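Peer 1: Would you mind keeping the following structure in view while I ask a few things?
Protein chains: 2
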Amino acid sequence: MQVTFEQMWTDLAPVGRSATTGGYHRQPFTAAEREAHAWFLEECARRDLRVESDGFGNVIAWWDAGSGPAVLTGSHLDSVREGGAYDGPLGVVSALAAVDVLRDRGFVPSRPIGVGVFAEEEGSRFPLACLGSRLASGRLDWASARELRDREGVAFGDVVEGGTSDLLRDVDVYVELHVEQGRDLVDRGAAVGVASAIWPHGRYRFDMTGAADHAGTTRMEDRRDPMLTYAMTVLAANKQARVSGQRATFGRVDVDPGSTNGIPSTVTAWMDARASDEPALEALVGDVTRLATERAQRDGTMVAVIAESATPEVRFDAALARRLAGADRPVIPTAAGHDAGILQTAGIPTAMLFVRNPTGVSHSPEEHAETADCLAGVEALADVLADLAGGS
Amino acid sequence: MQVTFEQMWTDLAPVGRSATTGGYHRQPFTAAEREAHAWFLEECARRDLRVESDGFGNVIAWWDAGSGPAVLTGSHLDSVREGGAYDGPLGVVSALAAVDVLRDRGFVPSRPIGVGVFAEEEGSRFPLACLGSRLASGRLDWASARELRDREGVAFGDVVEGGTSDLLRDVDVYVELHVEQGRDLVDRGAAVGVASAIWPHGRYRFDMTGAADHAGTTRMEDRRDPMLTYAMTVLAANKQARVSGQRATFGRVDVDPGSTNGIPSTVTAWMDARASDEPALEALVGDVTRLATERAQRDGTMVAVIAESATPEVRFDAALARRLAGADRPVIPTAAGHDAGILQTAGIPTAMLFVRNPTGVSHSPEEHAETADCLAGVEALADVLADLAGGS
Numbered sequence: 001m002q003v004t005f006e007q008m009w010t011d012l013a014p015v016g017r018s019a020t021t022g023g024y025h026r027q028p029f030t031a032a033e034r035e036a037h038a039w040f041l042e043e044c045a046r047r048d049l050r051v052e053s054d055g056f057g058n059v060i061a062w063w064d065a066g067s068g069p070a071v072l073t074g075s076h077l078d079s080v081r082e083g084g085a086y087d088g089p090l091g092v093v094s095a096l097a098a099v100d101v102l103r104d105r106g107f108v109p110s111r112p113i114g115v116g117v118f119a120e121e122e123g124s125r126f127p128l129a130c131l132g133s134r135l136a137s138g139r140l141d142w143a144s145a146r147e148l149r150d151r152e153g154v155a156f157g158d159v160v161e162g163g164t165s166d167l168l169r170d171v172d173v174y175v176e177l178h179v180e181q182g183r184d185l186v187d188r189g190a191a192v193g194v195a196s197a198i199w200p201h202g203r204y205r206f207d208m209t210g211a212a213d214h215a216g217t218t219r220m221e222d223r224r225d226p227m228l229t230y231a232m233t234v235l236a237a238n239k240q241a242r243v244s245g246q247r248a249t250f251g252r253v254d255v256d257p258g259s260t261n262g263i264p265s266t267v268t269a270w271m272d273a274r275a276s277d278e279p280a281l282e283a284l285v286g287d288v289t290r291l292a293t294e295r296a297q298r299d300g301t302m303v304a305v306i307a308e309s310a311t312p313e314v315r316f317d318a319a320l321a322r323r324l325a326g327a328d329r330p331v332i333p334t335a336a337g338h339d340a341g342i343l344q345t346a347g348i349p350t351a352m353l354f355v356r357n358p359t360g361v362s363h364s365p366e367e368h369a370e371t372a373d374c375l376a377g378v379e380a381l382a383d384v385l386a387d388l389a390g391g392s
Numbered sequence: 001m002q003v004t005f006e007q008m009w010t011d012l013a014p015v016g017r018s019a020t021t022g023g024y025h026r027q028p029f030t031a032a033e034r035e036a037h038a039w040f041l042e043e044c045a046r047r048d049l050r051v052e053s054d055g056f057g058n059v060i061a062w063w064d065a066g067s068g069p070a071v072l073t074g075s076h077l078d079s080v081r082e083g084g085a086y087d088g089p090l091g092v093v094s095a096l097a098a099v100d101v102l103r104d105r106g107f108v109p110s111r112p113i114g115v116g117v118f119a120e121e122e123g124s125r126f127p128l129a130c131l132g133s134r135l136a137s138g139r140l141d142w143a144s145a146r147e148l149r150d151r152e153g154v155a156f157g158d159v160v161e162g163g164t165s166d167l168l169r170d171v172d173v174y175v176e177l178h179v180e181q182g183r184d185l186v187d188r189g190a191a192v193g194v195a196s197a198i199w200p201h202g203r204y205r206f207d208m209t210g211a212a213d214h215a216g217t218t219r220m221e222d223r224r225d226p227m228l229t230y231a232m233t234v235l236a237a238n239k240q241a242r243v244s245g246q247r248a249t250f251g252r253v254d255v256d257p258g259s260t261n262g263i264p265s266t267v268t269a270w271m272d273a274r275a276s277d278e279p280a281l282e283a284l285v286g287d288v289t290r291l292a293t294e295r296a297q298r299d300g301t302m303v304a305v306i307a308e309s310a311t312p313e314v315r316f317d318a319a320l321a322r323r324l325a326g327a328d329r330p331v332i333p334t335a336a337g338h339d340a341g342i343l344q345t346a347g348i349p350t351a352m353l354f355v356r357n358p359t360g361v362s363h364s365p366e367e368h369a370e371t372a373d374c375l376a377g378v379e380a381l382a383d384v385l386a387d388l389a390g391g392s
């Protein structure tokens, strides 16, 4: 019995969803994300797909067929904290539905087709986005990855087996379908688009150190308060990004000791920065660092800035993008990172399909795509797979 | 066998102290604070003091003697997060040592002397400072207190028995010894001082609400980012306090969802504000609220400000202060809240002794007092108790 796109979407919807906010909490290797994973394995079994996994939490479900190098599609099942339903799962559910469409059409592939799920795409638990695809593609080594720690101090090496991955050994093309993050397709009146490139981007940790003291008894002029340095840095980052047409965000901050009646000793904050090209990104991060350092001198505090990750611009395979594009499928850039960007950088020709997002909102419970657009995405993905996997 | 001040101090020193920073973590009803409490009960047993407790975690150890209303001394054993050794414990250890001094002198009190330990003085776990003394003195009712929740969502009503307290029924005077928080006694060259008053102060919660979205794909001009509102509010509070000679501090902030690659939906932050008089405090909080609200309009966010606690100025009993003061014991105000302030407000004539703090630093591992000054504090406290408890 075939399970439709709509039914799969309904089955997956409650997994890791907050009853109060509707936001998703599918951090990698937590109960909710493992439940989503178990759901995926069930759907693969239902379709007689052969599941292969590696020691990093990545999985590919194979439609074994024909011979020669494989065509891979898929996405991820993990979410940001309080995320939306579509970012990741839409690509996985659409890939399974595209397999169903191809089989309904009587299509017989001339080479294998894989449906992949990459681990920790969001970097919402371990502090490196696209962790699974970086490891599977050899862009990151296990010795570095195993030491990455989550907020509770748990090492990545303690939650996965590790080792080496040869999941991608036979893959020579990857197509990832994803909900659009932004309103480009809305403005263009298109249900589905094709990615041209990913903006260069990175996350930068600002360690700001001052001196803990009593909030009541310490005169304002005797303080060395790193919260002031942080506050000015937030405003400086916003302003620099605004005037240069780029993006900078402080979405996470840890304060130590975090007492209401104490001046903090340290503030640790993360800046997400993205720009249309690499010199612009470098200038943005440089400007914010300089302004933070100047303010720190005034506050009597210290600032250290560490690039926890920095991803250069990714230009997707141009020939492949042209093959996917069409009158009703415009080619657009994105400022969001994806596993597809990692695979392209690792030398696997890669393309992305975007499905229209009526509000443009993402990484939020408000994230949305209309079912008709999702089904158009499934058809587009099935067409692409049929084209790439030749066959009949 | 008598246990000296120094020995008691040494015994208590390792309890709840971080091995890496030297800071103390004695949040109420946690293992470390309970260990400090157990230490106190042992010292009371050693001195044949009769221990009486209430359902809020408050304890008084009685030196039963004579008749009539009692003289109470003591302080608290809980600490802020990453606090110092002296804030609280110095008053408890000094009270026990003062009992020893009086007994060594052969002093026989004409009325009972109590050594009290009040629960949750710092408000470092449940969000209301002086929680134990407020409840014991009837300044707060159990119905309100039981609903107070810590950061993990645990209700105060789930960690204590509650009910009503009559611990203070026979107390008609309270003297609390405390390490000075500030450098007033250093500048005056005095080992011990006497408190005149406590500045009015409060903690104000700022709930700032915007809209969660993707940090990469959302254009700067499309954002409703509450982190910007927060940052401007921090700087405005600092500036307003500086120009008016008052105090304002943001030492704690929670960000939801707190993802590196997401614009936050809400920022919740706490302002500690203190001023030399009540109109000045009101003006300070009003100015910061107004500036935060103006900025929120610019950011497309919302701000709500809630006074979680607001403590009016406390003037300690003037006659009592005069009785304690002397040529070498100056009378000084303080900007720090204390259980003594609560008891004074509840109608129990109250005084405070301060012991010199060479750096003035408090609520920090750097908090300090020289042993000679601590011993001078014990002698001063013994003198005060002898004076108040009449006897021979």
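Chains P and W are the protein sequences, given in the same order. No gaps in the numbering here: position 204 of the first sequence is 204 in my numbering, and each next residue is one more. No gaps in the numbering here: position 216 of the second sequence is 216 in my numbering, and each next residue is one more. We treat Cβ as the ideally placed atom computed from N, Cα and C, and that holds for glycine. Note that the structure is a prediction, hence the values are computed from the model and not measured.
Comparing alpha-carbon positions, which option in P:Thr-249, P:Phe-56, P:Ala-248 lies nearest P:Phe-29?
Peer 2: That would be P:Phe-56, whose Cα lies nearest to the Cα of P:Phe-29.
Peer 1: In terms of DSSP beta bridges, what is P:Thr-248 paired with?
Peer 2: Residue 248 of chain P is actually Ala in this sequence, not Thr. P:Ala-248 is bridged to P:Ala-273.
Peer 1: Go through its chain and collect everything with a Cβ distance to P:Gly-68's Cβ below 7 Å, but skip five positions before and after it.
Peer 2: Cβ within range, chain order: Arg-111.
Peer 1: Counting only runs that start and end within the segment 277–337 of chain W, where is the beta strand (DSSP E) found for 3 or more residues in a row?
Peer 2: Correct list: 302–311, 331–334.
Peer 1: Mapping DSSP to helix, strand and coil, what is W:Leu-177?
Peer 2: Reduced to three states, the DSSP call for W:Leu-177 is strand.
Peer 1: Taking Cβ positions only, does P:Met-302 come closer than 9 Å to chain W?
Peer 2: No - not a single Cβ of chain W is within 9 Å of the one on P:Met-302.
Peer 1: Return the first residue and the last residue of the beta strand (DSSP E) that W:Phe-156 is part of.
Peer 2: Run containing W:Phe-156: none in the beta strand (DSSP E); it sits in the alpha helix (DSSP H), 156–159.
Peer 1: Let me know the secondary structure DSSP gives W:Tyr-86 once reduced to three states.
Peer 2: Three-state DSSP puts W:Tyr-86 in coil, outside helix and strand.
Peer 1: Quick one, which of W:Ile-263, W:Ser-75, W:Ala-231 has its alpha-carbon nearest W:Thr-249's?
Peer 2: Of W:Ile-263, W:Ser-75, W:Ala-231, the residue nearest in Cα terms is W:Ala-231.
Peer 1: Hey, out of W:Val-253, W:Arg-223, W:Asp-317, W:Thr-345, whose CA is closest to W:Asp-299's CA?
Peer 2: Minimum Cα distance to W:Asp-299 is reached at W:Arg-223.
Peer 1: For the beta strand (DSSP E) that W:His-201 lies in, which residues bound it at each end?
Peer 2: 201–209 is the extent of the beta strand (DSSP E) around W:His-201.
Peer 1: Do you know how far the Cα of P:His-338 is from the Cα of P:Ala-283?
Peer 2: The alpha-carbon atoms of P:Ala-283 and P:His-338 are separated by roughly 23 Å.
Peer 1: I'd like to check one pair, W:Met-271 with W:Val-393: are the Cβ atoms closer than 9 Å?
Peer 2: Given that chain W is displayed from residue 1 to residue 392, the structure contains no residue 393 of chain W and the question cannot be resolved.
Peer 1: Would you check if there are 3 or more beta carbon pairs closer than 8 Å linking the segment 93–110 of chain P to the segment 78–85 of chain P?
Peer 2: As far as the Cβ criterion goes, the segment 93–110 of chain P does not touch the segment 78–85 of chain P, which means the pair count is below three.
Peer 1: Return no unless some Cβ of chain W is closer than 9 Å to the Cβ of P:Gly-91.
Peer 2: Taking Cβ atoms only, chain W never reaches closer than 9 Å to P:Gly-91, which makes this a no.
Peer 1: Would you kindly work out how many angstroms separate the C-alpha atoms of W:Met-352 and W:Met-208, rounded to a whole number?
Peer 2: For W:Met-352 and W:Met-208, the distance between alpha carbons rounds to 39 Å.
Peer 1: I'd like to know whether the C-beta of W:Glu-82 is nearer than 9 Å to at least one C-beta of chain P.
Peer 2: True, the Cβ-Cβ gap to chain P drops below 9 Å.
Peer 1: Does W:Gln-297 get closer than 9 Å to chain P when you measure Cβ to Cβ?
Peer 2: No, W:Gln-297 lies away from the interface with chain P (no Cβ there is under 9 Å from its Cβ).
Peer 1: Is the number of C-beta pairs between the segment 150–169 of chain W and the segment 319–336 of chain W that are closer than 8 Å three or more?
Peer 2: Output reads no: the segment 319–336 of chain W does not touch the segment 150–169 of chain W.
Peer 1: Just tell me which of P:Pro-365, P:Arg-315, P:Cys-374 has its CA closest to the CA of P:Gly-22.
Peer 2: Among P:Pro-365, P:Arg-315, P:Cys-374, the Cα nearest to that of P:Gly-22 is on P:Pro-365.
Peer 1: Chain P partners of W:Met-232, CB-CB under 7 Å?
Peer 2: By Cβ distance, chain P contributes Leu-235.
Peer 1: Under 9 Å between C-beta atoms, does W:Gln-181 make it to chain P?
Peer 2: For W:Gln-181, the answer is yes, since a Cβ of chain P falls inside 9 Å of its Cβ.
Peer 1: Quick one: does the C-beta of P:Tyr-86 sit closer than 8 Å to a heavy atom of the ligand MG?
Peer 2: Within the structure as shown, the ligand MG is missing, as the structure has no ligands at all.
Peer 1: Start and end of the beta strand (DSSP E) containing P:Met-220?
Peer 2: Neither: P:Met-220 is in no beta strand (DSSP E) and is coded neither H nor E.
Peer 1: In chain order, what residues of the same chain have a beta carbon less than 7 Å from the beta carbon of P:Asp-328, not counting five sequence neighbours either side?
Peer 2: If we look at P:Asp-328 and ignore the five residues flanking it on each side, its Cβ neighbours are Ala-190.
Peer 1: Residues of the segment 209–232 of chain W with a CB closer than 8 Å to any CB of chain P: list them in chain order, please.
Peer 2: Of all residues in the segment 209–232 of chain W, Ala-211, Ala-212, Asp-213, His-214, Ala-215, Gly-216, Thr-217, Thr-218, Arg-219, Met-220, Glu-221, Asp-222, Asp-225, Met-227, Leu-228, Tyr-230, Ala-231, Met-232 have a Cβ within less than 8 Å of some Cβ in chain P.
Peer 1: Roughly how far, in whole angstroms, is the beta-carbon of W:Glu-176 from the beta-carbon of W:Gly-84, given that I think they are within contact range, below 8 Å?
Peer 2: Rounded, the Cβ-Cβ distance is 17 Å, inconsistent with contact.
Peer 1: Comparing C-alpha positions only, which one of P:Thr-164, P:Gly-116, P:Thr-260, P:Phe-316 sits nearest to P:Pro-89?
Peer 2: Nearest of P:Thr-164, P:Gly-116, P:Thr-260, P:Phe-316 to P:Pro-89, Cα basis: P:Gly-116.
Peer 1: P:Gly-22 versus chain W: which residues are under 7 Å apart at the beta carbon?
Peer 2: What P:Gly-22 touches in chain W: nothing, since even the nearest Cβ is about 11 Å away.
Peer 1: For a contact meaning CB atoms closer than 7 Å, what does W:Phe-250 contact in chain P?
Peer 2: Residues of chain P passing the Cβ test: Met-227.
Peer 1: Which residues mark the beginning and the end of the beta strand (DSSP E) in which W:Gly-390 is found?
Peer 2: First-last for W:Gly-390: undefined, no H or E at that position.
Peer 1: In the DSSP assignment, the alpha helix (DSSP H) including W:Glu-52 goes from what residue to what residue?
Peer 2: Note, W:Glu-52: premise wrong, no alpha helix (DSSP H); beta strand (DSSP E) at 50–53.
Peer 1: Judging by CA-CA distance, which residue of P:Gly-216, P:Ala-273, P:Asp-256 is the nearest neighbour of P:Arg-242?
Peer 2: The candidate whose alpha carbon is nearest that of P:Arg-242 is P:Ala-273.
Peer 1: Tell me whether P:Ser-364 sits in a helix, a strand or coil according to DSSP, three-state version.
Peer 2: Coil at P:Ser-364, not helix or strand.
Peer 1: With a cut-off of 9 Å, does the C-beta of P:His-363 fall near any C-beta of chain W?
Peer 2: Yes, because at least one Cβ of chain W sits closer than 9 Å to the Cβ of P:His-363.
Peer 1: Quick check: what's the CA-CA separation for W:Ala-310 versus W:Gly-66?
Peer 2: The straight-line gap from Cα to Cα measures roughly 39 Å.
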